[in-house]
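Colleague: Chains as they are written, first to last, in the working numbering: chain S, 3 to 332; chain B, 3 to 332; chain G, 3 to 332; chain L, 3 to 332.
Ideal placement from N, C-alpha and C gives every residue a C-beta, glycine not left out.
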């Protein structure tokens, strides 16, 4: 049994805590949140203890690993503490909004060769996993074009936007990571953005819509389309085009129903909305993978460097957005 | 150039006349209808002559072939006259509502070995033709189950029902012919019917809904589902299930558009409605085939016997409907 | 916590035991199988005890309910024992292959007003549950035609066929129950069968393919299409046609991938195969419902009478198959 | 009857000639090609005359309009001659590869206010026409993102590439025009290109793959994805995303067949391939529209300026490709 502590008991932390508590090969030992009520509630539904302090988890020799789902600006410190305490770390994305802090974090813990996994949940989606298998097995030959459509159902509140680091670092960062997962390292980024959805977002100096083009080391072209609002739901699609075919990963639904009426035909049900629902199997597979790495001492398929690279692409996109220039990555 | 005369200038006759007039290898010579105004209008749009009488067409030595689209009860007489005059005949379905008249008609003209083709338009639908090619080429191996869904968009007027000969002889007869086309000759028929759509149809002693099960010589099972009303349009589907796969022929649309909204996703446009629209390419291919047979002296893929067999199945279904018994055909 | 004992540790019993063991509101107390090794293995993976005898479960006052997944011919005795011992019962389908035994079983326990639920798992499939909600809410108005396509991926071994009671009592019984669930009680049954798939099945006097037509009290027509083999997988589809629209419940897949190549386009992944995979969420929901009924003292949506009615339809279909006559039910 | 002369009897010119010859409201008078054999063959199949020279058409007072399907570098001269002779002009895309020639051409004929229509056939595709109607009618509210996927089945021969003016001016120019048709005028263009398909194309200094991002006056973002080779056929799709929904125009097929087998399920037939087949109805509608404009004296929906604007976008894309900079259009 891997014994785990959880930092952060918000929506996502609570979900992780529940998944850990019900996992056959893990034990949720204790949870911590600066908002004690949140920690208490999560403890209640999972049967875990409420940790009195961060140290109470970090210093607990019975705890093998920690999951970090606290606010982004606390990730680096908690990861450093945990890594130094010899604990495996599963940290929610992004590592941090500041590349320098991310780099110095790694500089500080790298020598410990810690098990660090970043919570890019989409890599663990069964459909995307199968897509990756097909690409690796040469189902479409050489990958030439990758198109990722990623649209949220509705814009988040202003408070969230303020702390988010902007569209690229908060939302697109998932797509940047998927682009690397499917198409490999990126050498060129161009980004275009717009404010079409929510005036408040513009007022905060952020964008709500974007189109990004990238080029990979292998020469493939990548397109990302983002919006903070899709009235038909959480739009998550990927198209991989290659020399011998095309693979499409479509949206998903809870049912296989279709309605035929006078207004339209073959009307499908709404797509799964929102990430907690759409990526439920992915979150479970993510914990599985984390436990496997700890038990077998293997490296996560998405480690610290992947978190750093995704942030690097977000920064490059931001630079391109401001200059109109294609940004080259060395 | 094959020179053709047309009997009957109603909706379907007029359409045939237009197809013939615009066909590169035919000339529409003259048209006849007891309602002279109808004939005059069809002549106007096609540039053909109005024939003063039935004989004016039958006795015209310049005319090679006739298309019979007049009321059902006139088919046998016109076919007999035309065949005796040495003309090729394309006759709308059904040949007649009375099996005895159909048989004696054939007894009278068989010795002339006439070119007689029955207007089962669906056999010429490009999708159904391709389905037939796939079945013949063994795409699904031995055919085991065939399911035909055939539903009209809305019930016809009472006057039409009165003269129709009932659901089986008027509407299902197309499905009986398709069943024979795809699955071969039938040895067993069971029919169930209901009045669910239009009280007036029940008042006229007819049914508006039906489910039919048949067994073929080869042992395959066939299902037909009929309704006189489908609010979503003219529902025309076929499913062929075999030992090595399944082929489905779906409904068709004018566009490839799909709409995603808050009410539903992937909403397709309405399906093609009604037979004139859905089977436009089929009607053209039907004329092509008729001309080919005349020019090359080959037999139509759907001849007099096919018209007779379809009626025989309709009569068997009617008997089964009344007795509740499976009717065996010798 | 509802404390449960399980009879029968074969494939399906073992699955139920695992679902019960991992259910938050139940405790799997003990399991029994005449093959002790099977019981021991199931006990091992679930942490339950191995019951030394049937009585060890029936007489255990700590056990509130039993799940019966033993061979069909033991269902009636076990259900009777359990009901008399005051335990709630979830019994796999069919109750028994002999209508007389089923009736006398009920005669013996009815007065105890036991909680008896029959394991018609498909009623609990999320898509079929949603279909039922839509029908009840009038999404398609009055139901006029219901078509159930139910085909197994491959025929079972001869040994299974021998004890199965035949296609109708073993396989179609699920479809008979769904027909009643969606369309209400049945007044007329006609069945046609064939041997197209597996000669061994014919040798055993059973059929491997069938088409059934039924009429409901409400006047709706129902079609069932069965085959013991579908090379493309476990084919489970339902089409509900009504006065104001049509609802289709399609097959389901593990991924939303589609491949476009030179051989074909929009190629979907294989469908879920077989019932354990396809109906996983249904089996979980089935246990949930059973627990709800026990906790709240409510009646299961699928009780003893539903099990009896499904068998009655199977017997009627068998009679129709032998006589060719439509069988009327009173 | 509008009397028409055709310049250029290659594949596309011959197709136009046949459409004109069979059009109820036009007469194909004469055809010209520098390769006399080509002209003779087209004349043979259409019943038109072979014009002895360009002048023989331009000076023929019986001719009301000309269709220009000759090599691109002859378009401007022929258009000028025809316009000065008072004839309506339908000119294949592009007007010319050199913006200066295009501008001076217009400077020379503008004062004549000629009926000039450019052959952007896709605007006349029934599905794209319906898409335009839906957008105009507000089906998705304000358009925010437009994605055009346009991939040819296979790369053209080197000789074609040499004279083509490059991917943007030859192939993408259709997509640039569609972008303006659906999303309005463009203010910003960024292009990325690659050589992934055909080394010969790279050797000729052209690219075979591209991704383009544009911004419209209205603020919408536009993405274009191009490839000179799609092994699954002529990939022609459009996605329009807006504040109240999304519209997708999918690929099209000759049949509505779908195959279910052990290798995959719901396998559709190949998509229509290539432009002559995919856009057959569009080419007919294009001629219809041209005739309507001549008869009614109305302006074509796609005139000289649209041809010029599309070329301007192609030039801007080329500049962006070379500089990596987003190019602003005034």
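What span of residues does the beta strand (DSSP E) with residue 229 of chain G cover, start to end?
Modeller: Residue 229 of chain G -> beta strand (DSSP E) spans 223-229.
Colleague: Let me know the secondary structure DSSP gives residue 257 of chain B once reduced to three states.
Modeller: Residue 257 of chain B: coil per DSSP, three-state reduction.
Colleague: Looking at the strands, I want to know which residues DSSP matches up with residue 341 of chain L.
Modeller: Coverage of chain L is limited to positions 3 through 332, which leaves residue 341 of chain L absent and any answer about it impossible.
Colleague: Any C-beta of chain G sitting closer than 8 Å to the C-beta of residue 281 of chain L?
Modeller: Judged by the 8 Å Cβ criterion, residue 281 of chain L is not in contact with chain G.
Colleague: Smallest Cα separation from residue 259 of chain G: which of G/252, G/219 and G/269?
Modeller: Comparing Cα-Cα distances from residue 259 of chain G to each of G/252, G/219 and G/269, the minimum goes to G/269.
Colleague: Which residues in chain L sit within 7 Å of residue 262 of chain G, going by Cβ to Cβ distance?
Modeller: Result: 234.
Colleague: In chain S, which residues lie less than 9 Å from residue 251 of chain G when you measure between Cβ atoms?
Modeller: What residue 251 of chain G touches in chain S: 257, 258, 259 and 260.
Colleague: Can you name the residues that DSSP bridges to residue 93 of chain G?
Modeller: The partner list for residue 93 of chain G (beta bridge, DSSP) reads G/70 and G/120.
Colleague: Just to confirm my understanding: we take residue 293 of chain B, look at its own chain, exclude 5 residues before and 5 after, and list those with CB closer than 8 Å. What are they?
Modeller: Around residue 293 of chain B: 4, 25, 27 and 28.
Colleague: For residue 228 of chain L and residue 129 of chain S, I'd like the C-alpha separation in whole angstroms.
Modeller: When rounded, the distance between both Cα atoms is 26 Å.
Colleague: Give me the chain S residues within the contact set of residue 198 of chain L, using Cβ-Cβ distance strictly less than 7 Å, ordered along the chain.
Modeller: 146 and 221, listed in chain order.
Colleague: Apart from the five residues just before and just after residue 178 of chain B, which ones in its own chain have a Cβ nearer than 7 Å to its Cβ?
Modeller: Result list for residue 178 of chain B: 312, 315 and 316, in chain order.
Colleague: Give a yes or no on contact between the stretch 232-250 of chain L and the stretch 150-159 of chain L, applying the rule of three or more CB pairs nearer than 8 Å.
Modeller: Touching, yes.
Colleague: Per DSSP, residue 1 of chain L is paired with what?
Modeller: This structure cannot settle anything about residue 1 of chain L, because the visible part of chain L is limited to 3 through 332.
Colleague: Give the DSSP-derived three-state secondary structure of residue 192 of chain L in the structure shown.
Modeller: Note: residue 192 of chain L maps to strand in three-state DSSP.
Colleague: Look up residue 30 of chain S in the DSSP assignment and give the residues it is bridged to.
Modeller: Paired residue(s): S/6.
Colleague: Step through the CB atoms of chain B and report whether any lies within less than 8 Å of the CB of residue 74 of chain S.
Modeller: No, its Cβ sits nowhere closer than 8 Å to a Cβ of chain B.
Colleague: Quick check on the DSSP output: what are the complete alpha helix (DSSP H) runs of length 4 or more inside the stretch 165-209 of chain L, in order along the chain?
Modeller: Here the runs fully enclosed are 175-185 and 201-205.
Colleague: Rounded to whole angstroms, how far is the Cβ of residue 85 of chain G from the Cβ of residue 8 of chain G, which I believe are closer than 8 Å?
Modeller: About 16 Å separates the two Cβ atoms, so there is no contact after all.
Colleague: By DSSP, does residue 106 of chain G sit in helix, in strand, or in coil?
Modeller: Here residue 106 of chain G sits in helix by DSSP.
Colleague: Starting from residue 151 of chain G, trace the beta strand (DSSP E) in both directions and tell me its first and last residue.
Modeller: 145-153 is the extent of the beta strand (DSSP E) around residue 151 of chain G.
Colleague: If I follow the unbroken alpha helix (DSSP H) through residue 129 of chain B, where does it start and stop?
Modeller: Its alpha helix (DSSP H) spans residues 128-138.
Colleague: List, in chain order, every chain S residue whose beta-carbon is nearer than 7 Å to that of residue 132 of chain G.
Modeller: Neighbours of residue 132 of chain G on chain S, chain order: 257 and 259.
Colleague: Under 7 Å between beta-carbons, which chain A residues line up against residue 151 of chain B? List them in chain order, please.
Modeller: Absent from the structure: chain A. Protein chains present are S, B, G and L.
Colleague: Under a Cβ-count criterion, where at least 16 other Cβ atoms within 10 Å of its own Cβ denotes burial, should residue 40 of chain B be classed as buried or exposed?
Modeller: By the neighbour-count rule (16 or more Cβ atoms within 10 Å), residue 40 of chain B is buried.
Colleague: Going by DSSP, what residues sit across from residue 330 of chain B in a beta bridge?
Modeller: DSSP lists B/190 as partners of residue 330 of chain B.
Colleague: Counting only the same chain and skipping the five closest in sequence on each side, list residues whose C-beta sits under 8 Å from that of residue 95 of chain S.
Modeller: Around residue 95 of chain S: 120, 121, 122, 175, 176, 179, 309 and 312.
Colleague: Per DSSP, residue 368 of chain L forms a beta bridge with which residues?
Modeller: As shown, chain L starts at 3 and ends at 332. That puts residue 368 of chain L outside it, with no answer to give.
Colleague: For a test of the three-state rule: what should DSSP assign to residue 51 of chain G, helix, strand or coil?
Modeller: Of the three classes helix, strand and coil, the one that applies to residue 51 of chain G here is strand, per DSSP.
Colleague: For residue 218 of chain B and residue 328 of chain B, I'd like the C-alpha separation in whole angstroms.
Modeller: When rounded, the distance between both Cα atoms is 13 Å.
Colleague: For the alpha helix (DSSP H) that contains residue 295 of chain S, what are its first and last residues?
Modeller: From DSSP, the alpha helix (DSSP H) with residue 295 of chain S extends over 282-298.
Colleague: For the alpha helix (DSSP H) containing residue 18 of chain S, name the first residue and the last one.
Modeller: Residue 18 of chain S -> alpha helix (DSSP H) spans 13-23.
Colleague: Which residues of chain G have a Cβ atom closer than 8 Å to the Cβ of residue 268 of chain L, listed in chain order?
Modeller: Within 8 Å Cβ-Cβ: 268, 269 and 270.
Colleague: How is the alpha helix (DSSP H) around residue 276 of chain L delimited, first residue to last?
Modeller: Note, residue 276 of chain L: premise wrong, no alpha helix (DSSP H); not H, not E.
Colleague: Give the straight-line distance between the Cα atoms of residue 335 of chain S and residue 330 of chain S, rounded to the nearest whole angstrom.
Modeller: A question about residue 335 of chain S goes unanswered here, because the residues of chain S that appear run from 3 up to 332.
Colleague: Does residue 254 of chain B come within less than 8 Å of chain L when only Cβ atoms are used?
Modeller: Answer yes: the Cβ-Cβ gap between residue 254 of chain B and chain L drops below 8 Å somewhere.
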